[in-house]
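Below: one structure, written as structure tokens.
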Amino acid sequence: MTSLYSLIISGLAFSLSLYSAINTYYEKHIKTQLYLRWIYFKGNQLNVCLLISNMSSRPSTITNIYFKNEIEKVESSWFPVKLVDSQEPNTNKTKATFSDCTPLNIPPRSAKTFVISFQYLNSNQFCPNSKLNLDFEVNGTTVEKELIIKKVLDTSEYSIALKNRLK
Numbered sequence: 002m003t004s005l006y007s008l009i010i011s012g013l014a015f016s017l018s019l020y021s022a023i024n025t026y027y028e029k030h031i032k033t034q035l036y037l038r039w040i041y042f043k044g045n046q047l048n049v050c051l052l053i054s055n056m057s058s059r060p061s062t063i064t065n066i067y068f069k070n071e072i073e074k075v076e077s078s079w080f081p082v083k084l085v086d087s088q089e090p091n092t093n094k095t096k097a098t099f100s101d102c103t104p105l106n107i108p109p110r111s112a113k114t115f116v117i118s119f120q121y122l123n124s125n126q127f128c129p130n131s132k133l134n135l136d137f138e139v140n141g142t143t144v145e146k147e148l149i150i151k152k153v154l155d156t157s158e159y160s161i162a163l164k165n166r167l168k
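So, in structure tokens, the structure goes:
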């Protein structure tokens, strides 16, 4: 009878450890998800707001982002680009908002919003249609994404959207 109990307990222990190993493997290999929130285009600069979700148990890093269309492939800015500035009331202080630049680090089991700038685009060739083609290097792997454009901001909406980043 005691051997039956020990057999049942060892079977349960094996089942739980197998479940834990499968669950850990699955959590480590969840892919980073990319969502397009809005875009803003003025002159030869395209600003893109991305929501990047990493539900994996490992941190995720995006090292390069490329915008591509039929004619050109442009890498995101290597430095923070000044997007908007504002003067505080009753003071001479000016606050500025800057874009994010690569690499983008996303901690495990979290999501972050980034504003990425693509400069020196051929402004005659770019017109925002329903999709935006971006190439990402996520953890050393190149991922091509065709993101649906849901919102193209005008100048007033753009300044309101970035006002939150001034805080």
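Numbering-wise (this note's numbering), the sequence shown opens with residue 2 and increments by one.
No residue lacks a Cβ here, since even glycine has one placed at the ideal position from N, Cα and C.
Starting from residue i, trace the beta strand (DSSP E) in both directions and tell me its first and last residue.
{"i": "L122", "result": "Neither: L122 is in no beta strand (DSSP E) and is coded neither H nor E."}
{"i": "S54", "result": "Q46 to N55"}
{"i": "I23", "result": "Unbroken run through I23 is the alpha helix (DSSP H), T3 to K29; no beta strand (DSSP E)."}
{"i": "N106", "result": "L105 to I107"}
In the DSSP output, what is residue i paired with across the bridge?
{"i": "Y67", "result": "E76 and D136"}
{"i": "K113", "result": "I53"}
{"i": "V82", "result": "Beta-bridge pairing links V82 to no other residue."}
{"i": "Y41", "result": "N48"}
{"i": "K146", "result": "L135"}
{"i": "T62", "result": "N106"}
Are the beta-carbon atoms of residue i and residue j separated by less than 9 Å?
{"i": "I53", "j": "K113", "result": "yes"}
{"i": "C231", "j": "R59", "result": "Lying before the first or after the last residue shown, residue 231 is absent from the chain, which here runs from 2 to 168."}
{"i": "L163", "j": "L148", "result": "no"}
{"i": "F80", "j": "C102", "result": "yes"}
{"i": "N106", "j": "T33", "result": "no"}
{"i": "R1", "j": "T62", "result": "There is no way to answer for residue 1, as the model of the chain reaches only from 2 to 168."}
{"i": "V66", "j": "L135", "result": "Residue 66 is actually Ile in this sequence, not Val. Yes; because the gap between Cβ atoms is below 9 Å, this pair is in contact."}
{"i": "E76", "j": "S57", "result": "no"}
{"i": "I161", "j": "N48", "result": "no"}
Quick check on DSSP: helix, strand or coil for residue i?
{"i": "I161", "result": "helix"}
{"i": "T92", "result": "coil"}
{"i": "T156", "result": "helix"}
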